[in-house]
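Single-structure report; data block below.
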Amino acid sequence: MTERTPTTGRPGLRAEAEARFARAPPPPAPGEPASSLLHELQVHQIELEMQNEELRLAQVALETSRDRYLDLYDFAPVGYLTVTHAGLIEDANLTAASLLGVDRTRLRGSRFAGLVVPESLGNWGRLQSDAQADDESHSCDLALLRGTAVFAGDVSCRRAGGAGNSGATRVALTDISRRKHAEEALRESEDRFRLLANVTAIGIFQTGARGQVLFVNQTYLAMTGLSEKEAYGPDWKMAIHPDDRERTVRQWEEAVSSGSPVTAEYRHQLSDGRVNWVRMFGRPFLDGAGAVAGYVGALTDTTESRALQAQLALASRLAAMGTLVTGVAHEINNPLAAAMADQGLALEVVREVRTHLDGDAALDRKAEALLLGGAVEALEDAQGSGQRISRIVKDLSIFGRPDSRRDRLRMIDVVNGALRWLPAAVARTATIQVQDGGAPDVVGSSGQIEQVVVNLVTNAARATLEGQRDTIIVRVGPGQPGMARLEVIDHGTGIAPAVLDRIFEPFFTTNAVGAGRAMGLGLAIGHAIVTAHGGTMSARSVVGEGATFRMELPVA
């Protein structure tokens, strides 16, 4: 008997059929006719039945997989379409139909270009051409129609594969309207910020963590005289006046290295020769990890305010000089009267000697020499009185002029110089005790700092309790690191907290507790002078126990 070729199927199918047949009823006994053929037919039938079962199961799996794919395809978060070379929509998922606002059955066969806003048709044509030119994916933003509304879509195209589809394009569509609206809102916010930043009268800047400039506004450029290229590079330092450059750059670099706030006052040297004063404030800001991410800061032009301060300071000094007129007149009148008396005596002696010389009588040379000696002594005394008057006038001119010259100063010398100009009323109500704690030298205007000391000591004397005599302590010594300190301490009426909070405000006046006198403008001017020197001024007080005013200036 001819052997049958095994039925095609998966490997091992024949063995399974044989095993299943073995469990079936026994075959005819050997020797019966056609027993072998019957056995073969029965095994083959079982094998066919198993193949049919496998085909059925495979068909079920294929249909399940297809349904799953269709579900994923239809309900994907991205709209998918197939567009023919002629521009007709061949297929689309439910998401695409929803995004475009068209029923899927009506979407098929329609022109995709009909859903594109006319202004974006050129972009769609180029996108489709690019997708057909190679196997890469190409994308762009298109304005699309959803009914009568317009939305922004991110459209990606790729040439479709497979036989007969070489002219088709696979399109992926995402609604990016919210992103576009957010981008537009951000753009409007940035434009609004730049408009506000550029019209404000304050120069604004932002830097990175290492101090590199990232943003400046137009006012900053106008104040510094820099171009944008110069402002964003290392040349920003060159706009600072040469006399202030080293100090200012050092302050800035120390602040950046330590991540601390910075305040500095300095001059800019503009290209047209003008010089302007600015005050710079810089504050660090932190990133999400708490590290310094950079600085934001501002420049304010203080040129006019400094000029006003100088005028106010001069007015204050002249007012202070007015209170010194009586004392100064006494100081000048005494040596002036002595000088005039000595000169009169000398004049009489000289006249007498001249008379003797013009006469015919014999001269007594010894007597004449004695007379001339008395005249010389009188003239020497007059010269001494004149020099004393000259020193007083010189000191007055130093105290009264708007002196912007700054020199290296010893704090104790400044204090001693200021004590010469205290009003006479101070001596009647208080004793001044100077304590020298070895303050380091500072750089400043002696006349201006003396004015501050005079104001502080005068105010302390005015705070003396009625009927008592106070001891006012003027103490100099080291202050905070890099600073020299001067303190004026009284034991008078003290200052109420509400007054203390505003005591350095310009033109703020109120009555001190128990004193019955207004504060005046002296403290505000003194605070401005100290600040202009790069220092600080503060006050602390307990009502009924006195007050302490502290001034600190940078060491030389």
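One gets the working numbering by counting positions in the sequence shown from 1 and adding 6 to each. All C-beta atoms in this analysis are idealised placements derived from N, C-alpha and C, irrespective of residue type, glycine included.
- By the C-beta density criterion, Gln51 is exposed, having fewer than 16 other C-beta atoms within 10 angstroms.
- The region 129-149 and the region 106-116 do not touch, with fewer than 3 CB-CB distances between them shorter than 8 Å.
- DSSP, reduced to helix, strand and coil, places Ile395 within a helical segment of the structure shown.
- Minimum Cα-Cα distance from Phe221 among the listed residues Gln212, Glu53 and Ala228 corresponds to Gln212.
- Where Met229 is concerned, the enclosing alpha helix (DSSP H) starts and stops at Gln224 to Thr230.
- Residue burial annotation: His533 is buried, with at least 16 other C-beta atoms found within 10 angstroms of its C-beta.
- Scanning Gln441, Ile478 and Phe291 for the CA closest to the CA of Ala215 turns up Phe291.
- Annotation for Ile418: the continuous alpha helix (DSSP H) segment containing it runs Met417 to Leu425.
- Taking the Cβ atoms as the reference, Val356 lies roughly 11 Å from Glu374, outside the contact range of under 8 Å.
- The beta carbon of Leu100 sits closer than 8 Å to the beta carbons of Asp80, Phe81 and Arg110 from its chain, once the five residues preceding and following it are set aside; these are given in chain order.
- Secondary structure of Val284 (DSSP, three-state): strand.
- The straight-line gap separating the alpha-carbon atoms of Ala103 and Ala64 is approximately 32 Å.
- Ranked by Cα distance from Ser162, the options Leu87, Val123, Asn461 and Val458 are led by Leu87.
- For His362, no pairing in a beta bridge is given by DSSP.
- About 5 Å separates the CB atoms of Arg414 and Ala562; that is less than 8 Å, so the two are in contact.
- Here Gly217 is not near Val268, since their CB atoms are 8 Å or more apart.
- In this structure Phe510 is buried. Its beta-carbon is surrounded by 16 or more other beta-carbon atoms within 10 angstroms.
- Of the candidates Thr180, Ala237, Ala299 and His247, His247 places its Cα closest to the Cα of Gln275.
- With three or more CB-CB distances shorter than 8 Å, the region 542-549 counts as touching the region 498-505.
- The beta carbons of Arg491 and Ala433 sit about 25 Å from each other, so the pair does not count as a contact at 8 Å.
- Under the rule that a run must span 3 or more residues, the beta strand (DSSP E) segments found entirely inside the region 253-311 read 268-275, 281-292 and 298-307.
- Here Ala352 has Ala381, Ala384 and Leu385 as same chain residues with Cβ atoms under 6 Å from its own Cβ, once five neighbours each way along the sequence are excluded.
- Three or more Cβ pairs closer than 8 Å define a contact, and the region 184-195 falls short of that threshold against the region 242-260.
- In terms of CA proximity to Asp387, Ala345 leads the group Glu354, Arg412, Lys372 and Ala345.
- Within the DSSP bridge table, the entry for Phe221 names Gln212 as partners.
- Per DSSP, the beta-bridge partners of Met489 are Pro560.
- Nearest neighbour of Asp307 by Cα position, chosen from Val281, Val458 and Ala191, turns out to be Val281.
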